[in-house]
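Protein sequence lines, in the order shown, are assigned to chains A, B, C and D. Position one of the first sequence corresponds to residue 1 (full-length UniProt numbering), numbered consecutively onward. Position one of the second sequence corresponds to residue 1 (full-length UniProt numbering), numbered consecutively onward. Position one of the third sequence corresponds to residue 1 (full-length UniProt numbering), numbered consecutively onward. Position one of the fourth sequence corresponds to residue 1 (full-length UniProt numbering), numbered consecutively onward.
Protein chains: 4
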Amino acid sequence: MIRRQVSDLHQELVRYGLVVWTAGNVSARVPGEDLLVIKPSGVSYDELSPENMIVCDLDGKVVEGEHAPSSDTAAHAYVYRTMPEVGGVVHTHSTYACAWAARGEAVPCVLTAMADEFGAEIPVGPFALIGDDSIGRGIVDTLRGHRSPAVLMQNHGVFTIGKDARAAVKAAVMCEDVARTVHLSRQLGEPLPIAQADIDSLNHRYQNVYGQPQAR
Amino acid sequence: MIRRQVSDLHQELVRYGLVVWTAGNVSARVPGEDLLVIKPSGVSYDELSPENMIVCDLDGKVVEGEHAPSSDTAAHAYVYRTMPEVGGVVHTHSTYACAWAARGEAVPCVLTAMADEFGAEIPVGPFALIGDDSIGRGIVDTLRGHRSPAVLMQNHGVFTIGKDARAAVKAAVMCEDVARTVHLSRQLGEPLPIAQADIDSLNHRYQNVYGQPQAR
Amino acid sequence: MIRRQVSDLHQELVRYGLVVWTAGNVSARVPGEDLLVIKPSGVSYDELSPENMIVCDLDGKVVEGEHAPSSDTAAHAYVYRTMPEVGGVVHTHSTYACAWAARGEAVPCVLTAMADEFGAEIPVGPFALIGDDSIGRGIVDTLRGHRSPAVLMQNHGVFTIGKDARAAVKAAVMCEDVARTVHLSRQLGEPLPIAQADIDSLNHRYQNVYGQPQAR
Amino acid sequence: MIRRQVSDLHQELVRYGLVVWTAGNVSARVPGEDLLVIKPSGVSYDELSPENMIVCDLDGKVVEGEHAPSSDTAAHAYVYRTMPEVGGVVHTHSTYACAWAARGEAVPCVLTAMADEFGAEIPVGPFALIGDDSIGRGIVDTLRGHRSPAVLMQNHGVFTIGKDARAAVKAAVMCEDVARTVHLSRQLGEPLPIAQADIDSLNHRYQNVYGQPQAR
């Protein structure tokens, strides 16, 4: 059940230290319907359960649920409306990724693990205020046609996308991991670049060969 | 019961890594009475319980409790005496916030999450010795008329206030989180500023709209 | 049983924060046989058990197991094929070690704990693409004749070796620990060198005297 | 029972992240006897119990216990032999403290919490090889007549002393905490000094007034 999956995946954000208090959220598209499941607003991660997840339509209007949905619901909904291939969206303020985002600087692709997962730098999206479609549009305009499933929204945080919610959570975990490693590497010098042909080759292999056959 | 709430909230300080050994404390105003509930001095977080919390009057004198109250009680009491709108106070030596405090430098508001919670930079209060009302006066003089619920006391640590103890704990958690992110961001360049009008707009929305209706 | 040992040792990688998601692996040589036991590919650390470990021959071909083996199996197998004294291999993308690896910079031996465990700087191996024996050859060419049981593969991560899998895990834990400490030390100045004769003396004592007699 | 106390206190080193693998140890003087209790060498923290603690005389010779004592026993024993007021000794390679130690640089006293606990900078002791009394002598020569219960042994790690083992563990925890905060503070500028008279006043109050009457 998709409510349980979305509820459980929030614990991965906690486990990997990507969120504090109530400041991050996971959503999933309900397969075959114009609906999404998302975290309730302002509820702590300890209190999340399949039952208190919120179901919204793709305009972000609540269809089912007793609480208000995450205040980021409009951004999630915009992504689902305009990127039909996306089945999951994650938003965090994870520390190192936000440190890059506050400078409006992309994370350069200098690790083979980045080439695998992101296939390129992790790009920066525009500064955008909450309240209308600005954030959603900034996410989609940045990620459409980009290999990276993660975008650093300037002065704000990270949004990641995936074929399902688990893939989007994985991208959020990896985004913080590589943002941290590259940050630390640059503190004492310049990381060595990886040739574009090698990035392409690593990304192609990882996206097509890695993992268990049945798991992708 | 307010003793239980204060006792339990200390575990949030532990969970978010804001304290080591016995070096941080939470207090709450007893609603409708000139009393506060606070941590006993020098007792480890593992041993806290509703029963060993200390009740003091607003001059910091013990009214109920077998232990001595936190050595920071005078500062908490001063805040409750002079800011009647405050229902909770938290004190920590959280790492990144103290790193700013040791330089006597305010944390600039360069993240939308900071605009939400703090509405401005996190300001620095004066260097003050323990033993009289100097610390309390420094806190109140800095925070009165400021949007931020957190102050960095120079060379010392963080004090946060809130309408209740939970809100003050949240401010302490968010203070460390943004102090860390902005610290890291500045290590590799200058974070981009957020326009004052955007800070105002974000803060207004967050303080008035965010979260569950019943929860605020 | 060696499957259990390999399965359990992955939990040490988790405990010491050396891995996120599925990005690290432990293997062991099966004593007296031309076989190795390794993690299945793309399976989370929570789901590992003795039963789902994969047994491969020393060309990396699966002999027993329902999943595909780790995508790093070829590198592990190359090490076992060419270094008969090696009984365990570990691969991680641990943060600080990768920060050095991304710059292609060796970690200098400026801590007595490094002299103990590594006996020298932790060296850098070549940039190598996955898919053939390039990574394995890079590991072996760098570590053969070197005291260090750890190599930082450029832009990639850490490989460690040991007389058994536990020793290789220990080397991976210590590698990240010293990579972090030396990184931090260099942020504020230059660490003091340790004289080569002292490094030699420390390493000799540690490799021959330290620990319980029966445990080495 | 003192074996239990020493065994349990090792868990505090783990809890506060001061140690990895087997690289840190706690000892206590047996009250009224020329004996000390210390960790066995090379045994993991999970396996420690009151039963496998080692009892040694003040020359470091084993009096009771089936394992070899910590390889740092000679240093602990030297301290007990020459500083009769010391009831507990702790040794760690905690990260930030070692980062200062690798540069041979004292941690300046720029936090009120440092003035409380250390009353001064945390000083650096000499580089010394393991194997004779060099390390013990370096510790004692540095700490005798110094307010600080912690010394950073150059290129090596931290030794702390206390009236009992718990006090020494507290000093080790606080040492890493302030070493980290001051490190971070200095990354972005210079911490403000605290006047010597204020350090004196804070230290005097803390060492004589703080905490529960019965607890000190």
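For glycine and all other residues, C-beta sits at the position ideal for the given N, C-alpha and C. No experiment lies behind these values; they were computed from the predicted model shown.
Query                                                                                                                                             : Result
Element boundaries [beta strand (DSSP E), containing residue 220 (chain D)]                                                                       : Residue coverage of chain D in this structure runs from 1 to 216, which leaves residue 220 (chain D) outside it and unanswerable.
Local conformation of valine 140 (chain C) per DSSP, three classes                                                                                : helix
Status (buried if at least 16 other CB within 10 Å, exposed otherwise) for glutamate 117 (chain A)                                                : buried
Under 8 angstroms between C-beta atoms of leucine 192 (chain A) and glutamine 5 (chain C)                                                         : no
One or two residues paired with proline 40 (chain D) in a DSSP bridge                                                                             : D:Pro69
Any C-beta of chain B under 8 angstroms from that of glutamine 187 (chain A)                                                                      : yes
Best match in C:His10, C:Gly131 and C:Ala106 for proximity to alanine 77 (chain C) [C-alpha to C-alpha]                                           : C:Gly131
Interface positions of the region 11-29 of chain D facing chain B (Cβ-Cβ less than 7 angstroms), listed along the chain                           : Tyr16
Validate contact between the region 57-72 of chain B and the region 131-149 of chain D using beta carbons, cut 8 angstroms, 3 pairs               : no
Residue burial classification, methionine 114 (chain A) (beta-carbon count within 10 angstroms, cutoff 16)                                        : buried
For histidine 91 (chain B), the three-state DSSP class (helix, strand or coil)                                                                    : strand
Pairwise C-alpha distance: serine 134 (chain D) and histidine 204 (chain A)                                                                       : 57 angstroms
Close-in-space but distant-in-sequence residues of the same chain around serine 44 (chain D) (CB under 8 angstroms, 5 per side omitted)           : Trp21 and Thr22
Alanine 150 (chain C) and tryptophan 100 (chain C) closer than 8 angstroms at C-beta                                                              : no
Which residues DSSP lists as bridging glycine 157 (chain A), in chain order                                                                       : A:Met153
Inter-stretch contact (C-beta, 8 angstroms, three-pair minimum) for the region 156-166 of chain A and the region 10-29 of chain C                 : no
contact_flag[the region 95-110 of chain C, the region 39-54 of chain C] where n(CB pairs < 8 angstroms) is 3 or more                              : no
Cutoff 6 angstroms; reference methionine 174 (chain D); Cβ partners in own chain excluding five residues on either side                           : Glu117
Ranges of the alpha helix (DSSP H) found wholly within the region 161-196 of chain C, counting only runs of at least 4                            : 165-187
Contacts that glutamate 190 (chain D) makes with chain B (C-beta to C-beta distance below 8 angstroms)                                            : Arg103
Neighbour list for leucine 184 (chain B) in chain A, Cβ cutoff strictly below 7 angstroms                                                         : Thr95, Tyr96, Ala99 and His183
Any C-beta of chain B under 8 angstroms from that of isoleucine 130 (chain A)                                                                     : yes
Min CB distance asparagine 208 (chain B) to chain D below 8 angstroms                                                                             : no
Three-state class that DSSP yields for isoleucine 54 (chain A) in the structure shown                                                             : strand
For isoleucine 139 (chain B) and glycine 119 (chain B), believed in contact at Cβ under 8 angstroms, the rounded distance                         : Incorrect: roughly 18 angstroms between the Cβ atoms, too far for contact.
Test: glutamine 196 (chain A) CB closer than 8 angstroms to a CB of chain B                                                                       : no
Pick from B:Met53, B:Ile54, B:Asn52 and B:Asp198 that is closest to alanine 128 (chain A), judged by C-alpha positions                            : B:Asp198
Chain-order list of residues whose beta-carbon lies under 6 angstroms from that of valine 90 (chain C) (same chain, five-residue window excluded) : Val26, Thr160, Ala168, Val169 and Ala172
Under 8 angstroms (Cβ pairs) to chain B, residues found in the region 145-159 of chain A                                                          : Gln154, Asn155, His156 and Gly157
Nearest neighbour of glutamate 33 (chain A), chosen from A:Ser185, A:Arg137, A:Ser201 and A:Arg81 [CA to CA]                                      : A:Arg81
Serine 201 (chain A) at chain C interface by Cβ criterion, 8 angstroms                                                                            : yes
For glutamate 12 (chain A), three-class secondary structure by DSSP                                                                               : helix
Which residues DSSP lists as bridging leucine 35 (chain B), in chain order                                                                        : B:Asp57
Straight-line gap, proline 31 (chain C) to methionine 1 (chain C) (C-alpha atoms, nearest Å)                                                      : 11 angstroms
8 angstroms Cβ cutoff, threonine 82 (chain B) in contact with chain A                                                                             : no
Three-state secondary structure (DSSP) of glutamate 121 (chain B)                                                                                 : coil
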